Amino acid sequence: MTDRRWDSALYEAHHGFVSRLGEGLIDLLAPQPGERVLDLGCGTGHLTQQIADSGACVTGLDSDAAMLRQARANYPQLRFIQADGQDFQVDAPFDAIFSNAALHWMPDANGAAACMARALRPGGRLVAEFGGAGNVRRLYEAFCAALGDVGQHVPGRFPWYFPAATAYSALLEAQGFQVLGAQRFPRPTPLDGEDGLRNWYAMFLGEALERLDAGGRERVLDACERQLRPTQWRDGHWVADYVRLRVVARLRQGP
Ligand code: BEZ
Numbered sequence: 006m007t008d009r010r011w012d013s014a015l016y017e018a019h020h021g022f023v024s025r026l027g028e029g030l031i032d033l034l035a036p037q038p039g040e041r042v043l044d045l046g047c048g049t050g051h052l053t054q055q056i057a058d059s060g061a062c063v064t065g066l067d068s069d070a071a072m073l074r075q076a077r078a079n080y081p082q083l084r085f086i087q088a089d090g091q092d093f094q095v096d097a098p099f100d101a102i103f104s105n106a107a108l109h110w111m112p113d114a115n116g117a118a119a120c121m122a123r124a125l126r127p128g129g130r131l132v133a134e135f136g137g138a139g140n141v142r143r144l145y146e147a148f149c150a151a152l153g154d155v156g157q158h159v160p161g162r163f164p165w166y167f168p169a170a171t172a173y174s175a176l177l178e179a180q181g182f183q184v185l186g187a188q189r190f191p192r193p194t195p196l197d198g199e200d201g202l203r204n205w206y207a208m209f210l211g212e213a214l215e216r217l218d219a220g221g222r223e224r225v226l227d228a229c230e231r232q233l234r235p236t237q238w239r240d241g242h243w244v245a246d247y248v249r250l251r252v253v254a255r256l257r258q259g260p
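Heads up: take any position in the sequence shown, counting from 1, add 5, and you land on my numbering.
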C-alpha cells in the first residue's frame with residue numbers, strides 16, 4: 006500500500022460516492038448467508054456493512070488506522086483488521102473476496118494478487134472494481150501542469166496502479182485465478198458541490214498540496230478549475246474522469 010495517511014472525516018463528508026457507486030458490485034458478489042467474505046480495502050466500512058446485511062460473515066481489511074477507527078465507530082458489531090493488502094495472511098480461508106476502489110492503491114499488484122489467492126479457498130471468488138488504464142488522466146494532468154506553473158516538482162510517475170484489463174487478467178491467472186470477466190469502462194463520476202474538484206484534490210493529492218503555502222495551494226487549485234471547467238463542469242457540478250476495471254475471477258481448484 007502507498008504509505009499515505011487518510012483524512013477519514015473529509016472522506017466521510019464529501020466522498021460518499023465511492024461506496025455509493027460500489028453498491029452495484031455487491032449485487033455481482035451476491036453474498037450468501039453464512040459465507041465468509043473478506044472486504045479488501047474496506048475504508049470506513051459502509052460496503053462491509055451492506056455485505057453483512059446479506060447474512061454473510063464479513064471481515065473488513067484496511068491498512069489505514071484512521072479509516073479503520075471510523076469503520077469501527079460506524080459499525081462496532083463488525084470485524085475489522087488492519088493489514089497491508091499487498092502483504093497479509095488470514096487464519097482461515099474465505100469463500101469470497103470483495104474489493105471496491107482499493108486495488109489501485111496497491112502498486113505491488115502481484116503481491117496483492119498472491120495474498121488474495123492464499124486467502125481464498127479453492128473455487129472461491131474474487132469480485133473487484135478499481136481504476137483502469139486512463140483513470141483520472143485529465144484531473145491528474147491538470148494538477149501536474151498547475152504544480153509546474155508554481156515551480157513545484159511534478160511527480161515523475163502516476164501515484165496509482167491503473168492496469169489494462171488484459172494485463173490485470175494475466176496477472177491474476179499467473180496467481181492461480183481463472184478470470185471469468187474483466188471489463189474496463191469509463192464512468193464519469195459527479196463530485197459533490199461547487200468545491201467538488203478542490204475536495205477531490207485535497208482528498209487524493211493532499212500531500213502534494215500540503216507542501217505549498219496557502220497562496221500556492223490556491224493558485225494550483227484555481228488553475229485546475231480553469232483548465233478543467235470546459236470539459237469537467239457539467240450541469241452544475243464537477244465530473245471526475247473515472248475509468249473502472251471490473252473483475253470477476255475464481256481461484257482454480259487444483260494444478
Ligand atoms: C479511483 O479511481 O477511485 C481513484 C483513484 C485515484 C485517486 C482517487 C480515486
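Backbone N, C-alpha and C define an ideal beta-carbon position, used for all residues, glycine too.
This one's a predicted model, so the numbers in the text were calculated from it and none came from an experiment.
- Counting C-beta pairs closer than 8 Å gives three or more between the segment 31 to 43 and the segment 52 to 70, which meets the contact rule.
- Distances between the C-beta of G241 and the heavy atoms of the ligand BEZ are all 8 Å or more.
- For C229, the enclosing alpha helix (DSSP H) stretches over residues 219 to 237.
- In terms of Cα proximity to E17, the closest of W205, N115, E230 is W205.
- The closest heavy atom of the ligand BEZ lies less than 8 Å from the beta carbon of F209.
- With a threshold of 8 Å, the Cβ atom of V252 does not count as near the ligand BEZ, since no heavy atom of the ligand is closer than that.
- Spatial neighbours of A97 in its own chain (CB-CB distance under 8 Å, excluding positions within 5 residues in sequence) are listed in chain order as R41.
- Of the heavy atoms belonging to the ligand BEZ, at least one sits nearer than 8 Å to the Cβ of W205.
- Distance from the CA atom of W110 to the CA atom of G136, rounded to whole angstroms, is 9 Å.
- With a 10 Å radius around the Cβ and a threshold of 16 neighbouring Cβ atoms, N140 comes out buried.
- For A14, the closest C-alpha among the options Q37, P38, T49, Q237 is that of T49.
- For F190, the closest alpha carbon among the candidates V252, R84, D100 is that of V252.
- Q188 carries a strand assignment under DSSP once its states are collapsed to helix, strand and coil.
- Here D67 is bridged, per DSSP, to Q87.
- As computed with DSSP, L45 is found in a beta bridge with L66.
- For S68, the CB contacts under 7 Å within the same chain, skipping 5 residues up- and downstream, are M6, Q87, A88, D89, G90 in chain order.
- One Cα belongs to F99, the other to R143, and the distance between them is close to 38 Å.
- In terms of Cβ geometry, W243 and L214 do not form a close pair [threshold 9 Å].
- Put simply, the segment 145 to 155 does not touch the segment 119 to 131. Fewer than three CB pairs are less than 8 Å apart.
- L217 is positioned such that its CB atom lies no closer than 9 Å to that of Q258.
- Boundaries of the alpha helix (DSSP H) around H51: 51 to 58.
- Put simply, the backbone Cα of P38 is about 38 Å away from that of G201.
- Within a 10 Å sphere around the beta-carbon of Q94 sit fewer than 16 other beta-carbons, which makes this residue exposed.
- Close CB contacts of V248 within its chain, under the 6 Å cut and outside five residues either way in sequence, are with G137, G139, N140, P191 (chain order).
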